[in-house]
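> Each residue of the sequence shown is one higher than the one before, counting from 639 in my numbering. Okay, here's the structure, questions in a sec.
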Amino acid sequence: MTKFRPCIDLHQGKVKQIVGGTLRDDGPGPKENFVASAGAGEFAEMFRRDGLTGGHVIKLGPGNEEAAKEALGVWSGGLQIGGGIHAGNAAEWLAAGASHVIVTSWLFEGAAFSEKRVLELVDAIGADRLIIDLSCRRTAKGWTVAMDRWQTLTDLDVTPATLDRLAPWCDEFLIHAADVEGLCGGIDGELVQMLGAWAGRPITYAGGAASMADVEKVQELSGGKVDVTVGSALDIFGGKGVRYDELVAWNQR
639 MTKFRPCIDL
649 HQGKVKQIVG
659 GTLRDDGPGP
669 KENFVASAGA
679 GEFAEMFRRD
689 GLTGGHVIKL
699 GPGNEEAAKE
709 ALGVWSGGLQ
719 IGGGIHAGNA
729 AEWLAAGASH
739 VIVTSWLFEG
749 AAFSEKRVLE
759 LVDAIGADRL
769 IIDLSCRRTA
779 KGWTVAMDRW
789 QTLTDLDVTP
799 ATLDRLAPWC
809 DEFLIHAADV
819 EGLCGGIDGE
829 LVQMLGAWAG
839 RPITYAGGAA
849 SMADVEKVQE
859 LSGGKVDVTV
869 GSALDIFGGK
879 GVRYDELVAW
889 NQR
């Protein structure tokens with residue numbers, strides 16, 4: 639069955655919800671849907687209290703280490719960590735309380751996928767503690783992994799063959815549909831359907847969920863084999879489309 643996976647997105651040390659396509663190194667700052675007054679630890683405590691496991695903390699750029707470690711300390715073993723993770727620091731984040739590390743950009747050298755780097759990570763922490771993030775953008779080929787906070791397209795397409803290739807080196811996949819991330823305009827149903835048809839490892843999908851109907855659609859399209867994250871539409875993040883208590887109840891069915 640599809641489960642709700644919570645998220646804590648960190649930008650400049652604060653819990654935020656942003657429009658994914660606006661997060662860039664140059665030009666104006668990202669479009670922010672929500673900036674929390676509560677700290678990362680308070681959200682982690684809420685998720686711990688309600689038994690929500692497998693959520694992810696994502697550090698969007700520099701200045702987020704302290705907030706991330708606060709969240710991991712509160713819900714030790716209950717959250718995953720991503721953003722700036724590589725073979726040299728992965729073990730440190732696991733020691734800080736993360737159940738898994740999530741890695742995208744470091745797996746690519748010059749936007750080209752590096753099998754050598756994946757093997758370095760597996761050697762450092764084991765495949766059972768690694769989540770490969772294949773967050774992607776729509777392209778003429780279907781979906782292509784985007785790195786560096788979704789700014790740069792890589793040479794790796796998200797296909798069943800790619801998932802087959804990478805599955806032996808990880809415990810799960812995390813896949814943001816970057817083109818719909820933060821827009822609350824609905825999920826990328828075709829992507830969810832493709833991921834559900836593969837189903838060789840646990841997968842969490844994020845991007846565009848605007849209502850409980852979208853959560854139900856992920857369940858339907860994936861045959862219950864893909865989990866889902868809800869961000870900007872969620873009431874605890876200032877949204878109006880989904881109530882947090884609805885999602886807690888959904889997981890408890």
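Don't be surprised by glycine CBs; every beta carbon is placed ideally from N, CA and C.
Met-885 to Ala-778, Cα distance in whole Å?
Residue 885 is actually Leu in this sequence, not Met. Looking at the two C-alpha atoms, the distance is approximately 35 Å.
> Which same chain residues end up closer than 8 Å to Glu-925 when comparing Cβ atoms and leaving out the 5 residues on each side of it in sequence?
The question about residue 925 has no answer, for the chain in this structure spans 639 to 891.
> Pull the bridge partners of Ala-765 from the DSSP assignment, please.
Answer by DSSP bridge pairing: none, since Ala-765 is not bridged.
> Give every residue of the same chain whose Cβ lies closer than 6 Å to the Cβ of His-649, excluding the five residues on either side of it in the sequence, and list them in chain order.
Leu-698
> Measuring CB to CB, does Ala-805 end up less than 7 Å from Gly-838?
Yes, Cβ-Cβ distance for Ala-805 and Gly-838 is below 7 Å.
> Would you list the residues sitting across from Cys-645 in a DSSP beta bridge?
His-694
> Would you report the Cα separation of Met-639 and Val-653, rounded to the nearest angstrom?
28 Å
> Quick one, are the C-beta atoms of Ala-871 and Val-864 less than 7 Å apart?
no
> Pop quiz: Leu-797 and Gly-780 are said to be a contact at Cβ under 8 Å. What is the actual Cβ separation, rounded to whole angstroms?
As written in the sequence, residue 797 is Thr, which differs from the Leu given in the question. 7 Å between Cβ atoms; contact.
> DSSP three-state label for Thr-800, please.
helix
> Go to Gln-857, then tell me how far its alpha helix (DSSP H) extends in each direction, as first and last residue.
850 to 860
> Have a look at Gly-845, Phe-685, Leu-732, Cys-645 and flag the residue whose alpha-carbon is nearest the alpha-carbon of Ala-887.
Phe-685
> Could you tell me which residues DSSP puts in a beta bridge with Glu-747?
Ala-750
> Among the candidates Gly-827, Ala-674, Ala-816, Ala-765, whose CA atom is the shortest distance from the CA of Asp-873?
Taking the Cα of Asp-873 as reference, the smallest distance to any Cα among Gly-827, Ala-674, Ala-816, Ala-765 is reached at Ala-674.
> So what's Leu-872 in DSSP terms, helix, strand or just coil?
Note: Leu-872 maps to strand in three-state DSSP.
> Let me check understanding here. Comparing Cα to Cα, which of Gly-877, Glu-758, Glu-704 lies closest to Ala-734?
Relative to the Cα of Ala-734, the nearest Cα in the group Gly-877, Glu-758, Glu-704 belongs to Glu-704.
> Compute the Euclidean distance between the alpha carbons of Gly-665 and Trp-788, then round it to the nearest angstrom.
Confidence in Gly-665 is poor, its pLDDT being 49 and thus under 50, which makes the residue's placement too unreliable to answer from.
> Measuring CB to CB, does Cys-645 end up less than 7 Å from Gly-862?
no
> Over the uninterrupted alpha helix (DSSP H) stretch that includes Glu-810, give me the two end residues.
Unbroken run through Glu-810 is the beta strand (DSSP E), 810 to 814; no alpha helix (DSSP H).
> With a threshold of 6 Å on Cβ separation, who are the neighbours of Asn-889 within its own chain once the five nearest residues in sequence on each side are excluded?
Lys-641, Phe-642
> Kindly identify the DSSP beta-bridge partner or partners of Asp-865.
Thr-842
> For Gly-711, tell me which candidate among Arg-776, Val-756, Trp-731, Gly-722 has the shortest Cα-Cα distance.
Trp-731
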